[in-house]
Amino acid sequence: MKRVALVCLAAFGLFAVGCKDNVKSTRTFRLPEGNAVNGQAAFVSLQCIRCHSVAGVDLPPPTAPALKTLALGGKVARMRTYGDLLTSIIHPEFALSDARSPEQQAKLLTSPMRSFNRVMTVQQLIDLVAFLQPSYSQLEPLYVMQENGIP
Ligand code: HEC
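The opening position of the sequence shown corresponds to residue 154 in the working numbering, with each subsequent residue numbered one higher.
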């Protein structure tokens, strides 16, 4: 009997948590398909190239100081989802990249990447994600372990 009561309580708890999260849920959030070619053009015109190279894409080399630059794409331990990339672009402070060392992270309390939200169109944002996403690929599990110091 006690067990049944516990299970009911747990179920109700989960339900309550679910309800609370519901209004902020991004589960049904969808953007239309982007155009990668236009995304590359936006990447250049918005001057993302000042700080970023993109794996497998021929672009002028970044001109910003090294601490402010980051190579995008390539093999990563944690794949970037559509949501990760969107968030990185429109809310850089939230998505501080795990590509930096802890020392670099400590020096950067805020992201050197400024907000583009007032100058970037929604279409550019959609196209930027379509351009960047295919440049990421998943590291093989063995290399993920080595990257994290596991022999
Ligand atoms: C002043 C330099 C600078 C500029 C300009 C800049 N970024 Fe960034 N960006 C960064 C840095 C540094 C990071 C690493 C995370 C952090 O510190 O915010 C980053 C992170 C990112 C990430 C997440 C990368 C990952 O693998 O997690 C994406 C995506 C990104 N930038 C896209 C863009 C796009 C698109 C533009 C142009 C609209 C842009 N950035 C302009 C410096 C810049």
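Glycine included, each C-beta is placed from N, C-alpha and C at the ideal position. In this text, all values refer to a predicted model and were calculated from it rather than measured experimentally.
Going by C-alpha distance, which of the options is nearest residue i?
| i | options | result |
| --- | --- | --- |
| Pro245 | Val197, Ser206, Arg231, Ser264 | Ser264 |
| Glu307 | Ser198, Gln193, Lys228 | Nothing can be reported for residue 307: it is not among the residues displayed for the chain, which extend from 154 to 304. |
| Phe284 | Gly226, Lys221, Asn270, Lys177 | Gly226 |
| Gln276 | Asp211, Thr234, Val190 | Val190 |
| Pro287 | Lys177, Arg180, Thr179, Gly187 | Gly187 |
| Ile279 | Ser178, Lys177, Phe182 | Phe182 |
| Arg180 | Gly236, Met232, Phe269 | Gly236 |
| Phe247 | Gly209, Ser268, Lys177, Asp211 | Ser268 |
| Leu184 | Leu239, Lys177, Asn175, Arg231 | Leu239 |
Excluding five sequence neighbours on each side, which residues of the same chain lie with their C-beta closer than 8 Å to the C-beta of residue i?
| i | result |
| --- | --- |
| Pro214 | Ser206 |
Beta-carbon within less than 6 Å of residue i's beta-carbon, same chain only, minus the 5 sequence neighbours each way: which residues are those?
| i | result |
| --- | --- |
| Met266 | Pro245 |
| Cys204 | Pro215, Ala217, Lys221, Thr222 |
| Ala224 | Ser206 |
| Ser290 | Lys228 |
Within a Cβ cutoff of 7 Å, which residues of the same chain sit near residue i, ignoring the five residues on either side of it in sequence?
| i | result |
| --- | --- |
| Leu281 | Gly192, Ala195, Phe196, Ile242 |
| Met273 | Leu199 |
| Cys161 | Confidence at Cys161 is low in this model, with a pLDDT of 49, below 50, so its placement is unreliable and the value that follows should be read with caution. None. |
Per DSSP, residue i forms a beta bridge with which residues?
| i | result |
| --- | --- |
| Leu225 | Val207 |
| Tyr289 | Gly227 |
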